[in-house]
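Structure first, commentary second.
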Amino acid sequence: MSQLSFGDMEYTNRRRKTKRELFLEQMDKIIPWADWVDMIAAYYPSGKRGRPPIGIETMLRMYLMQNWFSLSEEGIEDAVYDSHAMRSFLRIKETLI
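Basically our numbering = 1-based index in the sequence shown + 312.
The structure is reproduced here in structure tokens:
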């Protein structure tokens, strides 16, 4: 089990969830992630040349959020830095961003 950061502890003590957080939790439940990742895997870069690619599922989640919330590439990056709900949906820790 990983240790919670101060931000995580503060965030978990809130009284209610935001609409964004509720929406992302619902999408996380209903989307068949394994099936979608399998469909994309054949077209995803292997990482043999250049920078190592980010995981398929993480990129898929980021792409979907970008479309759902009408964000540019820079906008989704800023939103991930700023929003705990989006980081949770991406399943990344604060230390990775």
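C-beta: ideal position from N, C-alpha, C; glycine also.
query                                                                                                                    : result
Are GLY387 and GLN378 close, meaning C-beta to C-beta below 9 Å?                                                         : yes
Put THR330 into one of helix, strand or coil per three-state DSSP.                                                       : coil
CA-CA distance, TRP348 and ARG373?                                                                                       : 11 Å
Expressed to the nearest angstrom, what Euclidean distance is found between the alpha-carbon atoms of SER358 and ILE342? : 28 Å
Are there 16 or more other CB atoms within 10 angstroms of the CB of ARG403, so buried, or fewer, so exposed?            : exposed
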